[in-house]
Amino acid sequence: MRLDEQTDMDITGKKDENGDYIPDSISFSFSNDSINNALAAYLAYKDKKNAAIKPEAADVVYSVDEQKILMEHTRNTLLISTEHI
Numbered sequence: 002m003r004l005d006e007q008t009d010m011d012i013t014g015k016k017d018e019n020g021d022y023i024p025d026s027i028s029f030s031f032s033n034d035s036i037n038n039a040l041a042a043y044l045a046y047k048d049k050k051n052a053a054i055k056p057e058a059a060d061v062v063y064s065v066d067e068q069k070i071l072m073e074h075t076r077n078t079l080l081i082s083t084e085h086i
């Protein structure tokens with residue numbers, strides 16, 4: 002995997018009794034602050050997007066105007082970095 006070769010990615014997972022990796026147990030993490038910050042911003046964006054789409058399932062309720070502002074701000078924040086990771 003190129004991502005594994007080009008980044009500080011750690012892949013872990015549990016094995017079954019045959020020594021095969023259990024697909025549902027596999028996870029990955031990064032030792033790179035730029036990647037972690039980008040992922041955190043993306044997760045925050047997804048939370049806000051989900052709150053806008055399904056307000057009844059959100060922890061916070063936003064007005065329609067607040068939703069538009071949050072979505073635009075978050076989208077711009079995610080797209081602002083042109084730094085190669």
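In the numbering used here, the protein residues as written are 2 to 86.
The C-beta atom is built at its ideal place from N, Cα and C for all residues, glycine as well.
Asked, Found
"Cβ of D9 within 8 Å of Cβ of S35?", "no"
"When burial is assigned at 16 or more other CB atoms within 10 Å of the CB, is L71 buried or exposed?", "buried"
"For the candidate residues H74, F29, T13, whose alpha-carbon lies nearest to that of K47?", "H74"
"Does the Cβ of K49 have 16 or more other Cβ atoms within 10 Å, making it buried, or fewer, making it exposed?", "buried"
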